[in-house]
Amino acid sequence: MRPYDGARTEGQPARDRELVIAISELKLVKDEWEIAQLQDAVDATVRGFEDVARALPADRAVSERLLEGIFALRARHDGNDVGYGSIIGAGEHATILHWVHNHGATRPGELLLMDMGVEGRNLYTADVTRVLPVNGRFTPLQRQVYDAVYAAQQAGIDIIKPGVAFKDVHLTSMRVLAEALSDLGLLPVSVDEAMDPASTVYRRWTLHGTSHMLGIDVHDCSNARKEMYRDGALGEGYVLTVEPGLYFQPEDELVPEELRGIGIRIEDDVLVTATGAVNLSAGLPRRSDEVETWLAAQREAGPRLPG
Ligand SMILES: [Mn+2]
Numbered sequence: 563m564r565p566y567d568g569a570r571t572e573g574q575p576a577r578d579r580e581l582v583i584a585i586s587e588l589k590l591v592k593d594e595w596e597i598a599q600l601q602d603a604v605d606a607t608v609r610g611f612e613d614v615a616r617a618l619p620a621d622r623a624v625s626e627r628l629l630e631g632i633f634a635l636r637a638r639h640d641g642n643d644v645g646y647g648s649i650i651g652a653g654e655h656a657t658i659l660h661w662v663h664n665h666g667a668t669r670p671g672e673l674l675l676m677d678m679g680v681e682g683r684n685l686y687t688a689d690v691t692r693v694l695p696v697n698g699r700f701t702p703l704q705r706q707v708y709d710a711v712y713a714a715q716q717a718g719i720d721i722i723k724p725g726v727a728f729k730d731v732h733l734t735s736m737r738v739l740a741e742a743l744s745d746l747g748l749l750p751v752s753v754d755e756a757m758d759p760a761s762t763v764y765r766r767w768t769l770h771g772t773s774h775m776l777g778i779d780v781h782d783c784s785n786a787r788k789e790m791y792r793d794g795a796l797g798e799g800y801v802l803t804v805e806p807g808l809y810f811q812p813e814d815e816l817v818p819e820e821l822r823g824i825g826i827r828i829e830d831d832v833l834v835t836a837t838g839a840v841n842l843s844a845g846l847p848r849r850s851d852e853v854e855t856w857l858a859a860q861r862e863a864g865p866r867l868p869g
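Following my numbering, the numbering of the sequence shown begins with 563 at its first residue and continues without gaps.
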């Protein structure tokens, strides 16, 4: 091996930057092998969510970190590791977007938000969020908010196909959330006025974008040019998350007290096909009644170790 020769390998920052952009844009379309890697990561993630549900008591507190650790065991056993720091948000912690301290505890009667993904052995990662009612049943108010987020997510997924603007998935979900916020009596203006780019008053409770690309990086393709990604159109082979949410901060005096501290996000990993979309994470139920049935079935089956 020749010793390092600085002169021969002098950097070319402008060309390096071009390469970063080109690679990021090449990563937008996933080939068959990559899609299989993502599906493997998602399938391991489904097993990890099952492990956690099986260990989650309905009638007493457990620490968020216990649940984090159970998922981490699955990630290390079935894949390489977690793809990103697991967010285990019990109760009002769900309203903090990147809650990774995980030093709280579950409480029966409250919700539990978990945003977790296994990174497979070839480093492709899943990115999935589910919200569970700790005691097994959503209260009517929790269900109302949950079902609104579900409807927003479904509306976003429903429009996905090649040629659709990336931004329109977001805007479609946001309109459904704005309607729900209006139904809750929270919007100070009409839904149409709220959707006006000059207003977007609904964002007080929606906090983040609905989608990002997914692949080797959890926020894949982030160096792609705007016109190729955020201002671009979806193409066959793209894989993106769809993850709208509603968040009512514990100290938010613009919402009724019973809503404060509720945070709900539902996140799935969606492949754009020639004619529409396939939800790669459909192995985990999303509808509120199906989540309850699934949670009960996991508890019935009881705790398990990977292997
Ligand atoms: Mn995500």
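Ideal Cβ placement from N, Cα and C applies to all residues, glycine included.
Just so it is clear, the structure is predicted and the values come from calculations on it, not from any experiment.
(message) Can you check which of these residues, ASP782, LEU748, THR701 and LEU733, is closest to ASP758 by C-alpha distance?
(response) Nearest C-alpha to ASP758: LEU733.
Quiz item: How would you label ALA839, buried or exposed, when you count the other beta carbons within 10 angstroms and need 16 or more for buried?
Solution: With a threshold of 16 other beta carbon atoms within 10 Å, ALA839 meets it and is buried.
Alpha-carbon spacing of GLY718 relative to GLN811, whole angstroms: About 25 Å.
Cβ separation of MET736 and THR768, assumed to be a contact under 8 Å, to the nearest whole Å: Between THR768 and MET736 the Cβ distance is about 6 Å, and since that is below 8 Å, they are a contact.
Can you name, in chain order, every residue of its own chain whose Cβ lies under 7 Å from the Cβ of TRP661, other than the five neighbours on each side? The residues are ILE649, GLY651 and HIS655.
PRO575: first and last residue of the uninterrupted alpha helix (DSSP H) it sits in: According to the DSSP assignment, PRO575 belongs to the alpha helix (DSSP H) that extends over 575-588.
Measuring CA to CA, which of LEU808, MET790 and GLY698 is closest to ILE828? Measuring from the Cα of ILE828, the nearest candidate turns out to be LEU808.
For this session: Decide if ILE585 is buried, meaning its Cβ has at least 16 other Cβ atoms within 10 Å, or exposed.
Result: Label assigned to ILE585: exposed.
Next on the checklist: Which complete beta strand (DSSP E) runs does the stretch 660-744 hold, if anything under 3 residues is left out?
Outcome noted: Runs found: 673-678 and 690-695.
Q) Taking 7 Å as the line, does the beta carbon of GLU681 fall inside it for any heavy atom of ligand 1? A) Incorrect: GLU681 has no Cβ contact closer than 7 Å to ligand 1.
4-residue-minimum alpha helix (DSSP H) runs that sit fully inside the stretch 748-817, ordered along the chain:
List check, alpha helix (DSSP H) in window: 753-757 and 765-768.
ask   = Count the other CB atoms within 10 Å of the CB of HIS781; is the residue buried (16 or more) or exposed (fewer)?
value = With fewer than 16 neighbouring CB atoms inside 10 Å of its own CB, HIS781 falls in the exposed class.
query: If you compare alpha carbons, which of LEU685, GLY825 and GLY647 is closest to LEU674?
result: Ranking LEU685, GLY825 and GLY647 by Cα distance to LEU674 puts GLY825 first.
Notebook entry, point to check: When you compare only the Cα positions, how much space is there between GLY645 and THR687?
Noted result: Roughly 5 Å separates the two Cα atoms.
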